[in-house]
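These notes are about the structure you will find just below.
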Amino acid sequence: MTTIVKYITVAALALFSLMSCNTETSLQEYLVAKQDDDAFMKVDLPSSLLDSEESTLDTEQKDILKTVKKVNVVAYPLKDGNLAEYHTEKDKVNTILADNTYKLLSKMKSNGMDITLKYVGEEDAIDEVIVFASSDEKGFAVFRLLGKNMRPEQMLQLVNSLDQSNVNMSQLSTITNLFNL
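Residue numbering for the sequence shown follows the numbering used here, starting at 2 and increasing by one per position.
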């Protein structure tokens, strides 16, 4: 009789653990899964590569940049014959970003691109910023900035200053050229 109780207990624990698993994919899991997929373009870089000696960022801007630890970019360029797969992958990203974990910062349209900015963390202490840009003519890209205690107004200031500085963005050039960013 004790053998039956053991089997029932093991089966119940196994069933309980399966039921308690979260079956939803996180953005990080999605991006990691696409690392070996040749249909995607990938770039991972630490923020230290952005802050080179040639950059013209002032001390305040460099301090803001220090709150960004890493930038991950995964892009799916639209090519002939992959329209159905493009929509499938775009829907996957939209489903992930619809989760309450990702809070809306802004939505906009620019140069034919739909752009959504979301974040994880608190409004005054953001740990992750996600930029999802998509175009039914060019494809989509997910930019994920990981950091600690980033603030929205500082991120906007940093983005504006990057446009006017000598920051080395060459590692992102393939992706930014693809989307005319």
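Note that CB positions come from ideal geometry on N, CA and C, so glycine has one too. This structure is a prediction, so every number in the text was calculated from the model and none was measured.
Own chain, CB closer than 7 Å to TYR77, minus 5 neighbours either side, in chain order: Your numbering for residue 77 matches position 76 in the sequence shown. So the qualifying residues of the chain are ALA40, PHE41, TYR87, GLU90, GLY140 and PHE141.
LEU106 (DSSP reduced to helix, strand or coil): Translated into positions along the sequence shown, residue 106 becomes position 105. Here LEU106 sits in strand by DSSP.
Alpha-carbon spacing of GLN36 relative to THR102, whole angstroms: Within the sequence shown, numbered from 1, the residue matching residue 36 stands at position 35. Within the sequence shown, numbered from 1, the residue matching residue 102 stands at position 101. So the two alpha carbons sit approximately 23 Å from each other.
Separation of LEU32 from ASP45, as counted between CA atoms: Translated into the one-based positions of the sequence shown, residue 45 becomes position 44. Translated into the one-based positions of the sequence shown, residue 32 becomes position 31. Cα to Cα, ASP45 sits roughly 11 Å from LEU32.
Terminal residues of the beta strand (DSSP E) in which THR117 lies: Counting from one through the sequence shown, the residue named residue 117 turns up at place 116. Start and end: 114-123.
Beta-carbon spacing of LYS43, VAL74 below 8 Å: Taking the sequence shown and counting its residues from 1, the one referred to as residue 43 is at position 42. Taking the sequence shown and counting its residues from 1, the one referred to as residue 74 is at position 73. It is a contact, given that the beta carbons lie within the stated cut-off.
Buried or exposed by the 16-neighbour rule on C-beta atoms within 10 Å, applied to CYS22: Within the sequence shown, the letter at position 21 stands for residue 22. With a pLDDT of 45 at CYS22, under the threshold of 50, the modelled position of this residue cannot be trusted; read the value that follows with caution. By the 10 Å Cβ count, CYS22 comes out exposed.
Contacting residues, own chain, Cβ-Cβ under 7 Å from SER135 (five flanking each side not counted): Residue mapping note: residue 135 aligns to position 134 of the sequence shown, counting from 1. Result list for SER135: LYS91, MET114, ASP115 and PHE141, in chain order.
Cβ distance (whole Å) where LEU118 is taken to contact VAL72 below 8 Å: For the purposes of this step, residue 118 is taken as residue 117 along the sequence shown, with counting starting at 1. For the purposes of this step, residue 72 is taken as residue 71 along the sequence shown, with counting starting at 1. Not confirmed; about 14 Å, so no contact.
Limits of the alpha helix (DSSP H) - the one that GLU129 falls within: Counting from one through the sequence shown, the residue named residue 129 turns up at place 128. Where GLU129 is concerned, there is no enclosing alpha helix (DSSP H), although the beta strand (DSSP E) around it starts and stops at 126-136.
Pair within 8 Å by beta-carbon distance, PHE144 and VAL94: For this step, residue 144 is matched to residue 143 along the sequence shown. For this step, residue 94 is matched to residue 93 along the sequence shown. Their beta carbons are not under 8 Å apart, which means PHE144 does not touch VAL94 by this criterion.
Spatial distance of THR10 from THR26 (CA atoms): Start at 1 with the first residue of the sequence shown, and residue 10 comes out as number 9. Start at 1 with the first residue of the sequence shown, and residue 26 comes out as number 25. Below a pLDDT of 50, predicted positions are generally treated as unreliable, and THR10, at 47, falls in that range; the measurement from the model is reported next regardless. Rounded to whole angstroms, THR10 to THR26 spans 29 Å at the Cα level.
Segment limits, alpha helix (DSSP H) that includes ALA199: No statement about residue 199 is possible, as the shown extent of the chain runs from 2 to 182 and does not include it.
With 16 other Cβ atoms within 10 Å as the buried cut-off, status of GLU123: As a working note, residue 123 is residue 122 in the sequence shown. That one is exposed.
Local conformation of LYS63 per DSSP, three classes: The count along the sequence shown starts at 1 and reaches residue 63 at position 62. For LYS63, the three-state secondary structure derived from DSSP is helix.
Chain-order list of residues whose beta-carbon lies under 8 Å from that of GLN155 (same chain, five-residue window excluded): Stepping through the sequence shown from its first residue, residue 155 is reached at position 154. Excluding residues within five positions, the ones whose Cβ falls inside 8 Å are ILE65 and THR68.
Inter-residue Cα distance where the pair is GLU129 and GLY148: In the sequence shown, counting from the first residue as 1, residue 129 sits at position 128. In the sequence shown, counting from the first residue as 1, residue 148 sits at position 147. Between GLU129 and GLY148, the C-alpha separation is close to 6 Å.
Per-residue DSSP class, three states only, for LYS139: As a working note, residue 139 is residue 138 in the sequence shown. Residue state, collapsed to three classes: coil.
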